Amino acid sequence: MTKASDIRTKTADELQDQLLGLKKEQFNLRFQKATGQLENTSRVRQIRRDIARVKTIQAQKVASAAKAK
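Numbering (the numbering used here), first residue to last: 248 to 316.
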C-alpha cells in the first residue's frame with residue numbers, strides 16, 4: 248500500500264508511470280481471478296485504492312498548477 252505523502256513527492260511523469268504499473272497489476276490480478284489462480288484476494292482492493300489515490304493526487308496537482316497561473 249502506498250502512502251499519499253510518498254505519492255505527493257513524485258513528479259507528474261513518475262505518477263503516470265506508477266499509474267500504468269498499477270493498472271497492469273490490476274489486469275493481471277483480474278486475469279488470475281478469472282482463471283482461479285488468485286491467492287491474495289485482498290490485493291485487488293489495495294490496487295484499486297492505490298489507483299484512486301494516484302489519480303486524486305494527479306488531479307490535485309493539475310488544479311494547483313491551474314490556480315497558480
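C-beta: ideal position from N, C-alpha, C; glycine also. Note that the structure is a prediction, hence the values are computed from the model and not measured.
Using CA coordinates, which residue listed in Arg277, Ala299, Thr303 and Lys308 is at the minimum distance from Gln291?
Correcting the residue type first, residue 291 is Val in the shown sequence and not Gln. The shortest C-alpha separation from Val291 is found at Arg277.
Are Lys308 and Ala259 closer than 8 Å when you measure CB to CB?
yes
Could you check where the alpha helix (DSSP H) with Asn287 kicks off and where it finishes?
Membership of Asn287 in any alpha helix (DSSP H) is not indicated, and neither H nor E is assigned to it by DSSP.
Can you look up Thr303 in the DSSP assignment and give me helix, strand or coil?
helix
I'd like the list of long-range same chain contacts for Thr249, defined as Cβ closer than 7 Å, with 5 residues on each side in sequence excluded.
Asp297 and Arg300
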